[in-house]
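Reviewing the structure listed below.
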Amino acid sequence: MDWWLTDSEGIVAFWLLIFAVCNGLRGAYCWFRDKEERRVVEGLLASTPHPVRASFLLGGVAEAAETAVCMLVDDGVVKVSSTGELRPTHRGRKQTDHALRALAEGIRATPSGATTRLHEIPTEARFTPFRRLVERQAPAVRATASGKSQSLMLATSMLTTFAMGVHAGGALAPTAFFPETPRMSWLYVCMAAWMVQWGPACLWPSEKRRRWKALDTLCEDETEIARAALPDSTRRAIALTRQRPEPPPPPPGPVRHHTRGDTGGACGAGIDVDSCNSGSSCGGCGGCGGE
Numbered sequence: 055m056d057w058w059l060t061d062s063e064g065i066v067a068f069w070l071l072i073f074a075v076c077n078g079l080r081g082a083y084c085w086f087r088d089k090e091e092r093r094v095v096e097g098l099l100a101s102t103p104h105p106v107r108a109s110f111l112l113g114g115v116a117e118a119a120e121t122a123v124c125m126l127v128d129d130g131v132v133k134v135s136s137t138g139e140l141r142p143t144h145r146g147r148k149q150t151d152h153a154l155r156a157l158a159e160g161i162r163a164t165p166s167g168a169t170t171r172l173h174e175i176p177t178e179a180r181f182t183p184f185r186r187l188v189e190r191q192a193p194a195v196r197a198t199a200s201g202k203s204q205s206l207m208l209a210t211s212m213l214t215t216f217a218m219g220v221h222a223g224g225a226l227a228p229t230a231f232f233p234e235t236p237r238m239s240w241l242y243v244c245m246a247a248w249m250v251q252w253g254p255a256c257l258w259p260s261e262k263r264r265r266w267k268a269l270d271t272l273c274e275d276e277t278e279i280a281r282a283a284l285p286d287s288t289r290r291a292i293a294l295t296r297q298r299p300e301p302p303p304p305p306p307g308p309v310r311h312h313t314r315g316d317t318g319g320a321c322g323a324g325i326d327v328d329s330c331n332s333g334s335s336c337g338g339c340g341g342c343g344g345e
């Protein structure tokens, strides 16, 4: 035990072991935490998810809305113009899926004389039933990593490196691996130990990293199959309205021209030039008194 606490190389090994234990504990926690999600993903891979739910797992409500619109257009329930405007047809196949039926009803509820655009579906109130049904029917699976694991392990690597230096200073241990050098050389040893820990810490998934690659591939296939039923021109027209257009810039305000009389301000700012020049002097303004 003394070797771990007082020997120079033992101090380095002790704190590297602490870092390894922290990684192991975090890995065990994540394994047990994701046990139920792995079961759900295995069930999805064994079956065929609905295209709208598959699109939701890929990109949220926006992707689900685009796939649902494509399916309604293919069924003849909705028609799309060349500029991407959606209008109900009041015909077509009857929708058995609750989310698709809710979306069709939301498009029919568009005010008379107006049209629906794709970017309105994730935000407009009349499409709230569609959004709720999609979110409720979607599998309880986190598509991306939480991001806490990588942050925690990077913080742990810095903490163990700092603790290593404090431990070596308190034990008055000579520099590890280079006992003949000044004890200030512990700084370089700690930096090397931090670099050794930094590599494994970066291997933990970041927040934007997709967690289930096999599920993503399946969802991409189902989404593409549903959208591929439409001609490419129709798909491009629908995609035209994915982004909400930016509002036009405000019109420029009126520009006021200020004039100044020869007397240095008697005919002040904002006074009509013609009225000031109506007489031979500033008397026409009323402010100079005609003198």
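Just remember that my numbering sits 54 ahead of the position in the sequence shown, which is counted from 1. Backbone N, C-alpha and C fix where the C-beta goes; we use that ideal spot for every residue, glycine too.
- The Cβ-Cβ distance between residue 217 and residue 265 does not fall below 7 Å.
- The beta carbon of residue 274 sits closer than 6 Å to no other beta carbon from its chain once the five residues preceding and following it are set aside.
- Taking a C-beta distance under 7 Å as the contact criterion, residue 215 and residue 256 do not qualify as a contact pair.
- Setting aside the 5 residues that flank it on each side, residue 69 is surrounded in the same chain by 214, 215, 217, 218, 221 and 247, each with a C-beta closer than 8 Å to its C-beta; the list follows chain order.
- Annotation: residue 231 to residue 224 spans about 18 Å, alpha carbon to alpha carbon.
- DSSP, read as helix, strand or coil, puts residue 262 in coil.
- According to the DSSP secondary-structure assignment, residue 140 is paired through a beta bridge with 134 and 170.
- Within the same chain, Cβ atoms closer than 6 Å to the Cβ of residue 111 are found at 197 and 273, the five residues on either side in sequence being excluded.
- Using a Cβ distance threshold of 7 Å, residue 269 and residue 128 do not count as a contacting pair.
- Taking a cut-off of 8 Å for Cβ pairs, the region 168-187 and the region 114-123 touch, as three or more such pairs fall below it.
- Below 8 Å, enough C-beta pairs join the region 136-145 and the region 278-293 to call them touching: three or more.
- Annotated three-state conformation of residue 198 is strand, per DSSP.
- The beta-carbon distance between residue 93 and residue 192, rounded to whole angstroms, is 16 Å. This is too long to meet the 8 Å contact definition.
- Beyond the five residues adjoining it in sequence on each side, residue 155 comes within less than 8 Å, by CB distance, of 149 in the same chain, given in chain order.
- In the displayed model, residue 230 falls within coil according to three-state DSSP, outside both helix and strand.
- In terms of CA proximity to residue 203, 261 leads the group 227, 261, 185 and 253.
- Rounded to the nearest whole angstrom, the C-alpha separation of residue 153 and residue 184 is 5 Å.
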